[in-house]
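Every position in the sequence shown, counted from 1, becomes a number in the working numbering once 20 is added. Beta carbons are placed, not taken as given, at the ideal position from N, Cα and C, and that holds for glycine.
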Amino acid sequence: MKKMFSSLAVVVLMSANAFAQNIPVDTSVRIGTLPNGMKYYVKKNNLPEKKVDFRLAINAGSILEDENQRGLAHFMEHMNFNGTKNFPDNKLVDFLQSIGVKFGQHLNAYTSFDETVYMLPVPLDKPGNLDAGLKVMEDWAFNATLSDEQINKERGVVLEELRLGLGADKRMSEKYLPKLLYKSQYADRLPIGKKDVLENFKPDVIRQFHKDWYRPDLMAIVVVGDINVDEVEKKIKDNFGKYKNPSKPRERKTFDMPNHKETLVAIETDPDATSSMVQFTMKDSEAYQPDVTVEKYNQSLLEQITSMMLNNRLSELVNSTNPPFTYGSVYHGGTYARSKEAFQGFAMVKDGNQLNALKVLLEETERAKRFGFTQTELDRAKAQMLSNVERTYNNRDKTESDMLVDEYVRNFLEQEPMPGIAWEYEDTKKFLPSVTLAQTNEVIKKFVKDDSRVVVITGPKKDNIQMPTEAMVLNTFEGVKMADLKPYEEKATIKNLVKPFKSEGKIAKTDTDAKLGTTTWTLSNGAKVTFKKTDFKDDEIVFTARSMGGSSLINDADFNKTQFAFAALSEAGVGGFSKADLTNYLAGKQASVNPMVGPYYDGISGRTNKKDLGTAMELVYAYFTGLNYNPDAFNAYKTKQSAMLDNLLSNPQFYFSSEHAKFLNQKNPRFIGIIPTEKDWANTDYKKAYDIYKERFANAGNFQFYFVGNIDEATFKNEVLQYIASLPSTGKSSNFKDTGYRQMTGDYTKTYKKGKDPKSMVSISYAGETPYNEKEALALEALGEVATIKVIEKLREDESGIYGGGARGSMNKVPYSTYNFSISFPCGPENTDKLTKSAITELQKLIDKGPEQKDLDKYKEGEMNDYSTQMKDNMFWMSNLTKNQLDGTDKYEILNYKEKVQALTVKDLQDVAKKYLTKGRIVATLMPEDGWENAKKEETQKVGAAQ
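Put into structure tokens, the structure is as follows:
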């Protein structure tokens, strides 16, 4: 008996060990810790070629600020771009631009409550760039100069960033965050900080923050790219190991989000709010523990499956003909605090419907809690999850470095496991079959809590909208518990999206283009199929189809009746199946297809993989031949759109765009606004839009299809013959037309007033008709990039007047030849005149003297950096292949682009500046409503009194 017990104990112990087995760490990543406590992650990854991605992760953010440092964690992030040991003042950005790194687009950083992370991708096309990148990382970590001059200059930039956040959302969040972050340090440490601190802190205060928290034992450096791992590891040890921690380091405390018995309710409104929302949070009673063991990892997968099934039910409601909200979802996951997870729900609704949306979210959760899920739902969720991880696994050898570095950052900061995609795929594949309904039903019960709940309701303040009370919200929770709910009813699943048929289609002609690597089949119905086989991804195919014409062929009256209806057509589903039916059918498949009627062409776009190509082609065929007509689906779409769009004009920036668009298009009867009003919806003719779509898609012979990706030609050919060559065709051809309407041109100064916050926006634009010239088009584009450099240098770095801004130049051939050039930036209303003059002065320098050679070289380096990456991207090739069909430009432009960019001269840019930027300037300015000066004066007096 004793012996039998011992054997049984061994078995139990072995089983326990299996469950307690730790998640492995990806052995392809070199991980180490220096003697000073700094951690490093280094991995060789060849995509993109000759590039490396750096991250510097600091386990310190705004949560660690002292009261007199509110906002200085974020300010410190700014200061690392404004003077370090090896890159004084603003030389860092200048240097990085010179090697092809674009500020904002490539080079960036962020500060949150618990961390600060710096991001730097560096091209390795020149000797020394790797060392330069490591030197930047080293300076960011330890060598900020923090001079009084640069600190005081940067105040204006940070205050402009704070200004961008002003508005209805800010005002409402200040009221509800104390409840959402109840009795938590997080409520008092928003990363942007406090205005009076940012304006008045002494430089030594930020130096102290840097000294306390920018130290090796709170840091990790991540290096992933086309590198030699041994070489990089040695450089990290040599360059970063010499730095020491303070002799008496401050404790890096962690902060919790306390639980509470009561349900906290915040109901906030604002006249300028642009949407109505409701969210709930049910905090876990226990502290979050990272996934260390396989058992814990699989438990997280179980929670994901459960949330997925519940969200699939919510998606069905959203896609129904009587949607309770525009968007709704739930999940179990992180909160503001690392130490706390929660079951959370969110919905965007039509004004006044927040309480009903909360009721629906809670009822669907309660339904799942009471009755559980169905086997079909579980099977669908398993297929969905496996398909998603399989897609990543299949492309594992073609994963870009920037997709990997952030995972390693999370491992350092949050202890997220990093076993590698091969392990994740095998574990998921092994675990999913064992998941049962009993397990998922237990998970949903664990999610739901009666305590530690918070509900936040926000929306616009309107006389005709009655907001719920706190008592009504609390009663909703109780009412849902007692509700007479029925189990979820499983709907019939699609067996065949398209009924089996025999295609008579054939390939009538084959053309190849050796330069582009494309093959074009002309099919027996007149349709053309151009495809390019690539190995950029191991399992990705992107596609599009275009038929020239679009809405340009519709007369003015009909256009105004249909322009807002075209986007709604696919909401009806295809082949007698609803959109919800299609969503369920596509679960577990990597296939998406989107039809459209655009301004100048009708078309379809989509994405799939080798395995699901057949499903994607079925969908293409269905959208051509079997689009449903369903007025109820259209009305549901209108309801959801109205919920999203009705209040947008309350937003000053959106109002500015809308009003200025009205001014520019005042002579165009086809322009009735950038978003539909209630009157526009009333005038919309769904049936006419549907009939136009059916007519256009009945003529496949006018379409050219494009496919780019890892295509198996034999399989692809069969699918093309079955589903594209069999499409109906009328034999007619069409092209887009110029309607003859033109935007306003000339010299104008326009001012629009909206909003109470001291926020402004400036747009300076030049536009008009001109014969298209390929060289001038490229020069104008380059001029926009160079002007952006000057705008940032002058308006941000020199004058501290803006946080961000830029310029853009272009030429277009469709529907007629035009040029466009614009500069735009947000700023304070008190600075609009001064900064507008500064921007125009910078443009005048480009006109009078041309750009500096160093700035043109920066543009060239940046373009070459992007170009080398884009040439290995399927979507980049797709956009270039389709461009020739639309505007007739040189189809080999993608191959010659590098040489054309390198050939640009300072004179080329000066010539287009002289030609296009010396006439027809329109300056549009957004200003707050009258009285903002007095409000600003009162605010300044309050700040002064507080000191």
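Tell me the start and end of each unbroken beta strand (DSSP E) in the region 324 to 354 that is at least 3 residues and wholly inside, in chain order.
347 to 354
Would a C-beta distance cut-off of 8 Å place residue 389 and residue 455 closer than the cut-off?
no
Am I right that residue 8 and residue 240 are in contact with their C-beta atoms under 8 Å? What's the rounded C-beta distance?
Residue 8 is absent from the model: the chain starts at 21 and stops at 967.
Segment contact, 8 Å Cβ cut-off, at least three pairs: the region 537 to 548 with the region 661 to 676
no
Would you check if the distance between the CB atom of residue 618 and the CB atom of residue 570 is smaller than 8 Å?
yes
Rounded distance between the beta-carbons of residue 564 and residue 902, thought under 8 Å
6 Å
For residue 879, does the count of other Cβ atoms within 10 angstroms reach 16, so buried, or fall short, so exposed?
buried
Restricting to runs no shorter than 3 residues, where is the beta strand (DSSP E) found entirely within the region 208 to 275?
239 to 245
In three-state DSSP terms, what is residue 512?
coil
Within 10 angstroms of the Cβ of residue 949, are there 16 or more other Cβ atoms? Answer buried if so, exposed if not.
exposed
Count the other CB atoms, across all protein chains shown, that sit within 10 Å of the CB of residue 637; report buried if there are 16 or more and exposed otherwise.
buried
Could you give the first and the last residue of the continuous alpha helix (DSSP H) run that contains residue 711?
706 to 717
CB-CB under 8 Å to residue 603, same chain, minus the five flanking residues each way: which ones, in chain order?
332, 335, 336, 339
Taking its Cβ as the centre, do 16 or more other Cβ atoms sit within 10 Å of residue 442, making it buried, or is it exposed?
exposed
Using C-beta distances below 8 Å, list every residue in its chain close to residue 968, excluding the 5 sequence neighbours before and after it, in chain order.
Residue 968 cannot be examined here, being either before or after the span of the chain that is shown, 21 to 967.
Just to confirm, is the Cβ distance from residue 724 to residue 925 under 8 Å?
no
Apply the 10 Å Cβ neighbour rule to residue 785 and answer buried if 16 or more other Cβ atoms are within range, or exposed otherwise.
buried
Is the CB-CB distance between residue 553 and residue 731 below 8 Å?
yes
To the nearest angstrom, how far is the alpha carbon of residue 834 from that of residue 761?
13 Å
What is the residue span of the beta strand (DSSP E) that residue 365 lies within?
361 to 369
Within the same chain, show all residues whose beta-carbon is closer than 6 Å to that of residue 62, passing over the 5 residues directly before and after it, in chain order.
50, 243, 249, 252, 253
One or two residues paired with residue 779 in a DSSP bridge:
BP columns for residue 779 are empty, so no partner.
Assign residue 270 to one of two classes, buried (16 or more other C-beta atoms within 10 Å of its C-beta) or exposed (fewer than that).
exposed
Going by other Cβ atoms of all chains shown within 10 Å of its Cβ, with 16 needed for buried, is residue 577 buried or exposed?
exposed
Residue range of the alpha helix (DSSP H) that residue 1001 falls in?
Outside the modelled stretch of the chain, which goes from 21 to 967, sits residue 1001, for which no answer is possible.
Mind pulling the alpha helix (DSSP H) runs of 4 or more residues that sit fully within the region 879 to 928?
894 to 907, 913 to 923
With three or more beta-carbon pairs closer than 8 Å as the criterion, would you say the region 592 to 611 touches the region 635 to 649?
yes
Count the other CB atoms within 10 Å of the CB of residue 528; is the residue buried (16 or more) or exposed (fewer)?
exposed
When we look at the beta-carbon of residue 68 and count the other beta-carbons within 10 Å, is it buried (16 or more) or exposed?
buried
Where residue 41 falls, given that 16 or more other Cβ within 10 Å makes a residue buried
exposed
Use the C-beta contact count for residue 357: other C-beta atoms within 10 angstroms, 16 or more gives buried, fewer gives exposed.
buried
Extent of the continuous beta strand (DSSP E) run through residue 288
283 to 290
Going by other Cβ atoms of all chains shown within 10 Å of its Cβ, with 16 needed for buried, is residue 81 buried or exposed?
buried
Round the Cβ separation of residue 803 and residue 824 to the nearest angstrom and send it over; I've been treating them as touching at under 8 Å.
Residue 803 to residue 824, Cβ: 19 Å. No contact.
According to DSSP, is residue 277 helix, strand or coil?
coil
Hey, is the region 270 to 286 in contact with the region 167 to 183, meaning 3+ C-beta pairs nearer than 8 Å?
no
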